[in-house]
Structures are given as C-alpha cells and as structure tokens.
Amino acid sequence: MREYPPPEAVRTLYSPATIAARISELAQELARDYEGKAPILVSVLKGSFVFAADLARALPLPVRVEFLGVRSYGSGTVSTGAVQITQDLTHPIEGQELLVVEDIVDTGLTLAYILSLLKARGAASVRVCALLDKPSRRRVEVPVDYVGFTVGDAFVVGYGLDCAEQYRNLPALCELVELPQGS
Ligand code: IMP
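Mapping of the sequence shown onto the working numbering: residues 299 to 481, in sequence order.
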C-alpha cells in the first residue's frame, strides 16, 4: 500500500502537539479579551473546520458556532480573486459579537469580502482569529486580530487546509512540496 501522505509530497511545518499548544495560548488570550461575553464563532469553510473545532473546545466561554462557506480558489493553488458564498449563516447576526475563524489569510481578498458582508449585516463587533497568516502575499489590508502562526510564501496543507480538496485530514500543518496526483 502506498504511504499517505506520500513522504516526498509534503514537509511538516507544525506538528499536532505544537498546534495544540498554540491553540491553548490563543484560547487564553481570547478568554481574557471576551471575558463576560458570548461571542459567535464564525467558522469559514471549508479550511477552518478542524481549527474551529479545536479552538471552540479550548475556549472557556459560552460560544455559539456558525459556519460560512466560501470559495475563493479554483482547484489549484492560485487565488482567482473572486469570492463566492457556498453556505450562508443560519441565524441573523445583528448586534452580535463575532469572531471569524479562518484557516489562512493569504492575499486578504476573502477576508475583506467576509468582513464587509458581516458588518453590512449589522454585527456589533467583528474580530478575526486566523490559524495562519501569510503577510508576504497580501494584496489588500485586512485586520487579523489573533494569529496562530506566521508563514512564508509556502503552500500549506493539512489540519483542514487542502490542495484541490486533498490533504485536509492530515493531523499536522505541512508545506506542499509536490502537487497531489490528479490536480
Ligand atoms: P486569500 O483570499 O488569498 O486570503 O485566501 C484565503 C483562502 O485561500 C484561505 O481561506 C484558504 O482557503 C485558501 N488558501 C490560501 N493560501 C492557502 C494555502 O497555503 N493552503 C491552502 N489554502 C490556502
């Protein structure tokens, strides 16, 4: 049986233990900042589903969880710049405190679109918690209030992040060295 993931295809950047430790730090910071509040975690799909699940469980706060599905890339590794809502929130957010949970902020185009959408719907406050930040690739300025790890210009997969829908289930955050077969 072929090894999964193929060892030549990915290189580990952050192990599951390192990710867990960083999430615990983020959760403490968030618990301080949101003390006495009950924010809604807006998990941006698909990439943040693993991060949001771990972050939500690490937070000692009475949170609610919503999912916002967006598609910003085609099937490859280059942004198309166009953002499409694939799944909307299930409740009104007017007057609510929102914490947007993102997998990675790259060009910033997706996040800029999401922030303007949530503000237009009347959220009382919107902050952003991104597992990964790739500041060297930014095309629009966006506020990222909480960052797990800052990365260089690598394409990252695993822990929810994909390349052409592959590798989301890797427990570690890995740099993609070789495109997956069939992409
Ligand atoms: P942006 O609009 O360029 O900031 O891209 C945001 C979205 O593109 C992220 O939420 C990811 O879904 C995807 N993305 C950007 N960089 C990467 C990467 O390195 N690996 C996997 N997905 C990425």
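For glycine and all other residues, C-beta sits at the position ideal for the given N, C-alpha and C.
With DSSP as the reference, please indicate the residues paired to residue 456 in a beta bridge.
In DSSP, residue 456 forms a bridge with 459.
Less than 8 Å between the beta carbons of residue 458 and residue 368, yes or no?
Against a cut-off of 8 Å, the Cβ pair of residue 368 and residue 458 comes out as no contact.
Do residue 361 and residue 398 count as a contact pair if the criterion is CB distance below 8 Å?
No, these two residues do not count as a Cβ contact at 8 Å.
Rounding to the nearest angstrom, what Cα-Cα distance links residue 354 and residue 328 in this structure?
Looking at the two C-alpha atoms, the distance is approximately 11 Å.
Along the chain, which unbroken stretches of the alpha helix (DSSP H) at least 4 residues long are found entirely within the region 320-357?
Runs of the alpha helix (DSSP H) inside the region 320-357: 347-356.
Are residue 391 and residue 357 close, meaning C-beta to C-beta below 8 Å?
No, the pair does not count as a contact, with Cβ atoms beyond the cut-off.
What is the residue span of the beta strand (DSSP E) that residue 448 lies within?
Unbroken beta strand (DSSP E) run through residue 448: 444-448.
Can you tell me where the beta strand (DSSP E) with residue 430 in it begins and where it stops?
From DSSP, the beta strand (DSSP E) with residue 430 extends over 423-431.
Give a yes or no on whether the C-beta atoms belonging to residue 261 and residue 435 are separated by under 8 Å.
Lying before the first or after the last residue shown, residue 261 is absent from the chain, which here runs from 299 to 481.
Using CA coordinates, which residue listed in 340, 370 and 363 is at the minimum distance from residue 382?
Cα-wise, what sits closest to residue 382 is 370.
Does ligand 1 have a heavy atom nearer than 7 Å to the CB of residue 402?
True, at least one ligand heavy atom lies under 7 Å from that Cβ.
Would the C-beta of residue 434 count as close to ligand 1, meaning under 7 Å from any of its heavy atoms?
Flag unset: Cβ of residue 434 not near ligand 1.
Note down the Cα distance separating residue 305 from residue 333, rounded to an integer number of angstroms.
Cα-Cα distance, rounded: 43 Å.
Rounded to whole angstroms, how far is the Cβ of residue 310 from the Cβ of residue 472, which I believe are closer than 8 Å?
Indeed, because the Cβ distance is near 5 Å, the residues count as touching under 8 Å.
To the nearest angstrom, report how far apart residue 325 and residue 318 are at their CA atoms.
When rounded, the distance between both Cα atoms is 10 Å.
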